Amino acid sequence: MQLHLNWSGGTPASSPRRHVTIDGAAVPVTVMRHRRARRYVVRVSEGGGLRLTLPRGASIAAGVAFAERQRDWIVHEMERQRQRRWPWVTGTRVWFRGEHAPIDVSESIAVVGSETIPLESSEANVRATVEGRLRALATTELPARCRELANDAGVDVSKVSVRKQRSRWGACSARRMITLNWRLIQMPSEVRDCVILPGLTHIQHPNHSRRVWREVERICVW
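Numbering-wise (the working numbering), the sequence shown opens with residue 354 and increments by one.
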């Protein structure tokens, strides 16, 4: 279930302030309506509150009840966000090429797996520096792998771009452009390829028919 999609363009619903009780604490819920929403979506904001997006005409009470049923996910997401604010030091683990690799930090370098990453100073933001290197690797490696798979499949791709997407791993446009999430560099190679291949299949079959998904199942080993 996708719970953290970033719907843009929503409008506040005319309702009193709502709350959901999480671990005995009342967590505020901002209720929004979005004309393109097709289901209830709950997201944890950086401030610790919740944002609940409703389809047009949907019940606010039912939406809040939906949010309450997601307590386990909300607790997990809040913890994940807290951890994201912690500094990265020696022993911090980061996903890289499918391995949960520990970081080894010294005054001038950070080592992650096979990567040795220079630090500007002993007080450098290790997280920003490491993620910057991983994004640079992704910008080079992901388009190259995408074009390799496209060539094997006989698919003509016009452009491959790598972005920092929050709610998608990949996308394909009508102009045969593939967009990939840089965090695929953190995934195992088979997961990376099984994100890229459906996009290539979608270029061959620009629809969402069963034929597309049969082809995806044929070429992906899950």
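The beta-carbon is built from N, C-alpha and C at its ideal position, and this holds for glycine as well.
Note that the coordinates shown come from a computational prediction; the quantities given were computed from them, not determined experimentally.
To the nearest whole angstrom, what separates the beta carbons of residue i and residue j, a pair I think is in contact under 8 Å?
{"i": "Val513", "j": "Leu533", "result": "7 Å"}
{"i": "Gly416", "j": "Val384", "result": "7 Å"}
{"i": "Arg342", "j": "Pro408", "result": "Only positions 354 to 575 of the chain appear in this structure, which leaves residue 342 out of reach."}
Return the residue from the list the options that minimises the CA-CA distance to residue i.
{"i": "Gly400", "options": "Pro381, Arg386, Ala418", "result": "Pro381"}
{"i": "Ala418", "options": "Arg536, Gly410, Glu432, Val394", "result": "Val394"}
{"i": "Gln518", "options": "Asp505, Arg488, Val464", "result": "Arg488"}
{"i": "Ala379", "options": "Glu421, Arg386, His387", "result": "Glu421"}
{"i": "His453", "options": "His558, Gln539, Arg564", "result": "Gln539"}
{"i": "Arg435", "options": "Pro541, Cys499, Ser398", "result": "Ser398"}
{"i": "Trp535", "options": "Glu501, Ser542, Val544, Trp522", "result": "Trp522"}
{"i": "Asp457", "options": "Ser526, Arg564, Arg480, Ala411", "result": "Arg480"}
{"i": "Ser474", "options": "Ser467, Ala463, Glu484", "result": "Ala463"}
{"i": "Arg500", "options": "Asn478, Trp441, Asp546", "result": "Asp546"}
{"i": "Ala390", "options": "Asp505, Leu405, Ile470", "result": "Leu405"}
{"i": "Thr492", "options": "Asn504, Arg563, Leu537, Arg567", "result": "Leu537"}
{"i": "Asn478", "options": "Pro440, Arg388, Ile556", "result": "Pro440"}
Can you tell me where the alpha helix (DSSP H) holding residue i begins and where it ends?
{"i": "Val382", "result": "That residue, Val382, is in no alpha helix (DSSP H); its beta strand (DSSP E) goes 378 to 387."}
{"i": "Arg396", "result": "Counting along the chain, Arg396 falls outside any alpha helix (DSSP H), though it belongs to the beta strand (DSSP E) covering 394 to 397."}
{"i": "Arg404", "result": "Where Arg404 is concerned, there is no enclosing alpha helix (DSSP H), although the beta strand (DSSP E) it sits in stretches over 403 to 408."}
Determine the extent of the beta strand (DSSP E) in which residue i is found, giving its start and end residues.
{"i": "Val513", "result": "512 to 516"}
{"i": "Ile538", "result": "Neither: Ile538 is in no beta strand (DSSP E) and is coded neither H nor E."}
{"i": "Ala524", "result": "523 to 525"}
{"i": "Val508", "result": "Looking at the DSSP string, Val508 is not in any beta strand (DSSP E), and its letter there is neither H nor E."}
Output yes or no for whether 8 Å exceeds the beta carbon distance between residue i and residue j.
{"i": "Gly466", "j": "Arg450", "result": "yes"}
{"i": "Val508", "j": "Leu495", "result": "no"}
{"i": "Leu553", "j": "Ala497", "result": "no"}
- Task: Go through the stretch 428 to 483 residue by residue and report every complete run of the beta strand (DSSP E) that reaches 3 residues or more, in order.
- Result: Runs found: 446 to 449, 452 to 458, 462 to 465, 468 to 471.
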